[in-house]
Amino acid sequence: MSFSELGLSDKVIGAIDAAGYKTPTPIQEQAIPHVLARRDVLGIAQTGTGKTAAFVLPMLTMLEKGRARARMPRTLILEPTRELAAQVAESFEKYGKNHKLNVALIIGGVSFGDQDAKLLRGVDVLIATPGRLLDHSERGRLLLSGCELLIIDEADRMLDMGFIPDIERIGKLVPFTRQTLFFTATMPPEIQRIADNFLHNPVRVEVSKPATAASTITQLQVAVGREDFEKRATLRHLIDSAENFKNAIIFCNRKREVAVLHKSLVKHGYNAVALHGDLDQTSRTAALDAFRKGEAKLLIASDVAARGLDIPAVSHVFNFDVPHHPDDYVHRIGRTGRAGLTGTAISLVAPFDTKSVATIEKLMGMTIPWMGEPVAAAEPGERPARSGERSGRSGGRSRQPRGQRSQEGRSREPKPRREQPAPRAEHPAPHAEKAAPVRARESQPYRDRAPRETVEPDTSHLPAFLLRPVNIKA
Ligand code: AMP
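Going by this note's numbering, the sequence shown opens with residue 170, and the numbers climb by one from there.
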């Protein structure tokens with residue numbers, strides 16, 4: 170099927186040609202005709218499937234008729250993070266190059282003034298994160314009663330980030346008769362409930378099973394010790410010896426680990442940038458830009474910060490920490506092997522990770538091959554050498570009443586859960602005495618630590634296979 174058969178306008182077809190797209194992706198082919206027919210759509214698709222264009226292209230076509238009124242946006246797109254919102258705004262520039270539509274980006278972390286001026290001028294497409302949108306609405310600067318089309322993107326990530334109460338509030342501000350498009354990568358029961366609430370007789374479009382990783386991704390796991398310094402040494406070796414290495418995203422479960430690993434890699438001379446929820450917007454944007462342009466070869470990220478971002482052509486993904494939720498694994502490794510390119514995803518598996526790996530393998534319906542010897546599973550009752558903030562879903566956070574939260578210029582992005590102090594001092598892990606001096610140092614807060622001495626601990630304990638060059642089959 171070609172784009173011209175989908176019912177899109179000539180202006181949109183012109184922009185698609187200019188973008189160099191030859192054929193619609195499956196989600197575009199299946200969703201666009203229904204969107205144009207004003208049906209509600211439930212789209213189950215991950216980023217990388219072309220889902221953004223699946224809603225932006227028909228929106229542009231539909232918006233050609235009609236005009237925006239002051240403070241009353243005609244359409245609303247909700248995104249869980251500022252980066253995703255900015256990415257969708259960029260899509261409007263690309264696909265809407267033949268249109269003269271007013272697109273406004275309403276995200277936290279930037280001043281209200283400019284956003285307010287844009288809303289006053291009249292907006293055809295409003296792209297927003299939920300918290301900042303509600304702030305504008307509460308100030309009486311925004312009326313959603315003229316909104317004809319509501320798009321909820323990355324709904325499962327909204328759930329992870331505790332945005333569902335906000336989404337439900339927004340749902341009450343838009344007209345009952347609007348059209349709704351609802352996109353999610355996974356369908357947990359809570360998301361199904363929200364979808365049932367928001368959608369009227371929707372068309373369900375599912376492009377690939379959420380748990381299916383692209384066949385172009387080679388997945389591997391490698392055994393590592395309990396200690397972080399061992400994991401860092403193994404990671405460096407894997408990076409140095411990886412075949413066809415172009416660039417990599419390295420995932421950690423905790424924002425603190427992102428910062429520590431970033432500092433360590435930079436110190437070892439790697440060109441690395443970090444992305445986690447505690448960085449300010451300027452640093453996040455600068456890090457992403459540097460990685461996208463190839464100025465930085467390594468991006469170290471937490472799940473919350475990286476989910477859904479469109480970073481093309483990543484050759485490798487490393488799971489520095491095995492994620493606790495198998496869905497996060499699918500999302501992480503989906504950063505590589507995109508658009509038909511081959512990619513490699515390697516997970517560093519410590520003794521305490523074997524349970525998480527088993528859950529991942531169950532979801533994926535496969536056994537992830539080992540590079541070298543498998544890890545020895547932890548003894549029952551043995552505790553991890555470190556603990557703290559866990560990634561993954563919370564099932565919704567309790568939020569303060571709105572009146573107490575709204576502040577000019579304050580970021581409304583949810584803060585990842587607070588890190589808990591490592592429990593080691595009170596409950597030292599068995600078998601961990603040998604490495605105690607190193608761990609004591611590792612457990613200090615990152616910013617308080619004196620610069621490291623020149624060398625990392627001896628890595629002679631590493632298995633021999635790690636000291637040989639790696640041949641990864643694409
Ligand atoms: P998305 O899933 O929306 O994040 O899109 C993933 C990537 O696919 C983006 O970089 C798009 O530019 C690209 N893309 C979207 N639709 C097509 C298409 N029909 N043909 C080729 N590339 C596309």
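For each residue, glycine too, the CB sits at the ideal point set by N, CA and C.
Nearest to residue i by CA position, among the options, is which residue?
i	options	result
Ser484	Ser178, Ile386 and His493	Ile386
Asp325	Ser452, Ala214, Val442 and Ala392	Ala214
Leu368	Leu389, Arg207 and Tyr439	Arg207
Ile408	Thr349, Tyr439 and Ala223	Tyr439
Pro193	His493, Ala545 and Met170	Met170
His431	Lys424, Pro249 and Ala441	Ala441
Asp496	Ala456, Thr528 and Phe398	Thr528
Asp490	Ala223, Gly506, Thr454 and Ala514	Ala514
Asn488	Val391, Ala456 and Leu478	Val391
Gln348	Val204, Lys436, Ser178 and Glu262	Val204
Gln388	Gly176, Ala200 and Trp539	Trp539
Glu248	Leu328, Thr218, Lys263 and Leu448	Leu328
Val181	Gln199, Asp209 and Val225	Val225
Gln284	Asp304, Asp209 and Ala465	Asp304
Met241	Gly309, His493 and Glu259	Gly309
Phe460	Ser433, Tyr498 and Ile419	Ile419
Ile447	Gly463, Lys424, Gly265 and Pro358	Strictly speaking, residue 447 in this sequence is Asp, with Ile absent from that position. Ranking the options by Cα distance to Asp447, first place goes to Lys424.
Arg395	Phe521, Ala254 and Met533	Phe521
Ser471	Lys462, His493 and Asp458	His493
Ala188	Arg236, Lys263 and Leu177	Lys263
Ser525	Ala456, Ala465 and Asn422	Asn422
Lys191	Gly265, Ser173, Ser178 and Gln199	Ser173
Ala200	Val435, Val374, Ile537 and Glu259	Val374
Ala255	Gly512, Leu274, Ala354 and Pro371	Leu274
Ala222	Lys234, Arg236, Glu198 and Asp209	Glu198
Val372	Asp186, Asp209, Ala546 and Ile537	Asp209
Ala237	Asp458, Leu478, Ser410 and Leu311	Leu311
Ser178	Ala258, Gly265 and Leu434	Gly265
Asn271	Ala258, Gly282 and Ser280	Ala258
Glu359	Phe332, Thr523, Tyr498 and Ser410	Phe332
Please return the same chain residues whose Cβ sits closer than 8 Å to the Cβ of residue i, not counting the five positions on each side in sequence.
i	result
Thr244	Met228, Leu232, Asp293, Val294, Leu295, Cys316, Glu317, Leu318, Leu319 and Ile320
Gln569	Low confidence applies to Gln569: its pLDDT is 40, below 50, so where it sits in the model is not reliable enough to give any reading.
Val393	Glu399, Lys400, Thr403, Leu517, Val518, Ala519 and Val544
Ala456	Val442, Ala443, Leu444, Leu448, Ala465 and Leu468
Arg453	Arg251, Glu252, Leu444 and Ala474
Pro202	Leu175 and Gly176
Mapping the DSSP letters down to three states, classify residue i as helix, strand or coil.
i	result
Gly183	helix
Ile246	strand
Gly572	Note that Gly572 scores a pLDDT of 37, beneath 50, so its modelled location is shaky; the value from the coordinates is reported in the next line. Residue state, collapsed to three classes: helix.
Gly189	coil
Met241	strand
Thr349	strand
Arg207	coil
Ser178	coil
Ala214	coil
Val393	coil
Phe414	coil
Val372	strand
Thr536	coil
Val518	strand
Thr387	strand
Leaving out five residues before and five after residue i in sequence, what residues of the same chain have Cβ atoms less than 6 Å from its Cβ?
i	result
Ala364	Leu211 and Phe351
Arg476	Arg326 and His500
Phe415	Residue 415 is actually Lys in this sequence, not Phe. Ser484, listed in sequence order.
Lys466	Asn416 and Asn440
Val376	Pro195, Ile196, Ala214 and Thr218
Arg504	Ile418, Val483 and Val486
Thr230	Leu177, Ser178 and Val181
Cutting at 7 Å between CB atoms, please list the residues of its own chain near residue i, excluding the five before and the five after it.
i	result
Lys220	Ile196, Gly212, Ala214 and Phe352
Leu342	Ser306 and Leu313
Asn267	Lys180, Gly183 and Ala184
Ala546	Pro520 and Thr523
For ligand 3, any of its heavy atoms closer than 8 Å to the Cβ of residue i?
i	result
Thr192	This structure does not include ligand 3; its bound ligands are ligand 1.
Inset, instruction - Tell me the start and end of each unbroken alpha helix (DSSP H) in the segment 433-516 that is at least 4 residues and wholly inside, in chain order. - result: 450-461, 472-475 and 495-502
Inset, instruction - Entirely within the segment 249-333 and at least 4 residues each: give me those alpha helix (DSSP H) ranges in chain order. - result: 251-264, 281-290, 299-307 and 324-329
Inset, instruction - Answer yes if the segment 333-344 comes into contact with the segment 282-291, meaning at least three C-beta pairs across the two stretches below 8 Å, and no otherwise. - result: no
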